[in-house]
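Residue numbers (the numbering used here): 1222 to 1688.
Written out below as structure tokens is the structure these notes cover.
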């Protein structure tokens, strides 16, 4: 009976999809490859690195193209010029966030990351203000990061120049900065609950970036009826929710409205003030979901960037030596790897863009990867080249095409924090250690293991030799 119901549902979706395609014949959609019923253009997309497929297809169809990711119509934007025009010049049209089935299942449609409209505006404004009040981008936060870096240096020193995987070291360090902002405290590196929290965050990001995770986002109604790793992933994420709820209860028991200690306190105070407002976004569900968003975005993305940076320094020992001799503020953009998450927009109305019509209900994919690989913007877009950020006098120069934190109304709320963390942690590590790997620079594979929702490097071991 279950199989029959699933087949009926598949046939119904296929029929609706065919109807939708016929219904859009009078609309001037961006060009793109012909889709198959139900599957759309999935067979033309590299499951481990979709952005490579989109780049290749853009050579034939242009920088604005229509793809069908399963039954979902998607407009892909490729290259700096069209991404900039969408996110900055037409920012109001492209500010909505697309439905994300995995995250929707995890946070039940709540939180900052996937909300739209007034709830999103309230949560984003509050989060930016609160994080800044607690030092994001300021001297106070710099002191927290420098203090945390001491624990990282001690941990690396205790490896005694033996090979180790840097991933757990960096995750613990970066996450403790988020913990200081959100919980008002840091955790010991061997704290069992803390380590389990980090494990869940890492596994969650890995799943969402894997081909199986992509399949869930394309066919959630089907995947819910099939066995697979997504069910165990959801069970683990529920454990993370329990951890967050326990911290919230602890804060409620000791809350002082006159002296907020952290992000949770501030959210609780705002929640209490607006308890009689039916239009408020400040409720328990949004608090738990937004905390999940902050941890996922603030832990794994920054620690992954640091892993890429260490990998590229090991693969380019002369650059590592040069950086150690000349550490200054330009180090940050020189070493930030050109990888980013996939931010998906959504057309909440018909949008006119570059002479085309993007119908309401279309997912919009501004390819940040393509901006960072744009041959019109970068001399050697596929090479590790710090010279991209240096002028003829070896002085640092900014590039508007450096969009690792996205741009416009949906740009990363924690950009200033992430920049400060990456810079200070990298500087501390390079001041104390020289990094190599057991098999030599050539043994490291800098090709991402997965590059869909996020770009994740292969795990590797390195050696930290004290100066």
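Cβ coordinates follow ideal geometry from the N, Cα and C atoms, glycine included.
- Here residue 1343 is buried. Its C-beta has 16 or more other C-beta atoms within 10 Å.
- Judged by their CB atoms, residue 1570 and residue 1318 are not nearer to each other than the 8 Å cut-off.
- For residue 1261, the beta-bridge partners assigned by DSSP are 1257, 1290.
- The shortest C-alpha to C-alpha distance from residue 1682 to any of 1471, 1676, 1656 is the one to 1656.
- Secondary structure at residue 1278: helix, using DSSP grouped into helix, strand and coil.
- Three or more pairs of CB atoms, one per stretch, sit closer than 8 Å, so the segment 1411 to 1424 contacts the segment 1449 to 1458.
- Counting of Cβ neighbours within 10 angstroms places residue 1480 among the exposed residues, the total staying below 16.
- For secondary structure counted as the beta strand (DSSP E) over 3 or more consecutive residues, the segment 1614 to 1683 holds these complete runs in sequence order: 1654 to 1657.
- Within the DSSP secondary-structure output, residue 1588 pairs in a beta bridge with 1299.
- For the 8 Å CB-CB criterion, residue 1659 and residue 1670 do not form a contact.
- With fewer than 16 other Cβ atoms from the protein chains shown falling within 10 Å of its own Cβ, residue 1354 counts as exposed.
- The DSSP-derived three-state label of residue 1482 is coil.
- The C-beta distance from residue 1634 to residue 1348 rounds to 5 Å, short enough to fall under 8 Å.
- Annotation for residue 1351: the continuous alpha helix (DSSP H) segment containing it runs 1338 to 1354.
- When 1346, 1629, 1547, 1598 are compared, the shortest CA-CA separation from residue 1301 is found for 1598.
- Just measuring C-alpha positions, the residue of 1362, 1335, 1314, 1508 sitting nearest residue 1644 is 1362.
- The count of Cβ pairs closer than 8 Å, one atom from the segment 1248 to 1263 and one from the segment 1279 to 1299, reaches three, so the stretches are in contact.
- DSSP places residue 1525 in the uninterrupted alpha helix (DSSP H) bounded by 1522 to 1536.
- Distance from the CA of residue 1267 to the CA of residue 1432, rounded to the nearest whole angstrom, comes to 9 Å.
- Taking one beta carbon from each stretch, the segment 1498 to 1512 and the segment 1318 to 1336 have 3 or more pairs nearer than 8 Å; the two touch.
- For residue 1685, the three-state secondary structure derived from DSSP is strand.
- In the DSSP assignment, residue 1572 falls within the beta strand (DSSP E) that extends over 1572 to 1574.
- Taking the C-beta atoms as reference points, residue 1251 is found nearer than 8 Å to residue 1296.
- Taking the C-beta atoms as reference points, residue 1435 is found no nearer than 8 Å to residue 1672.
- The C-beta distance from residue 1377 to residue 1390 rounds to 7 Å, short enough to meet the 8 Å contact threshold.
- Excluding the 5 residues flanking it on each side, residue 1531 has same chain C-beta neighbours closer than 7 Å at 1387, 1656, 1683, in chain order.
- Annotation for residue 1322: 1437, 1438, 1441 place their beta carbon closer than 7 Å to its own, counting only its chain and skipping 5 residues before and after.
- Per DSSP, the beta bridge partners of residue 1318 are 1566.
- Assignment of residue 1333 by DSSP, reduced to helix, strand and coil, places it in the coil class.
- Per DSSP, reduced to three states, the secondary structure at residue 1577 is strand.
- DSSP links residue 1248 through a beta bridge to no other residue.
- Annotation for residue 1518: no alpha helix (DSSP H) segment contains it, and DSSP assigns it neither H nor E.
- Where residue 1437 is concerned, the enclosing alpha helix (DSSP H) starts and stops at 1432 to 1439.
- Just so you know, the alpha carbons of residue 1393 and residue 1281 end up roughly 44 Å apart.
- Rounded to the nearest whole angstrom, the C-alpha separation of residue 1486 and residue 1473 is 8 Å.
- DSSP places residue 1266 outside both helix and strand once states are collapsed to three, so it counts as coil.
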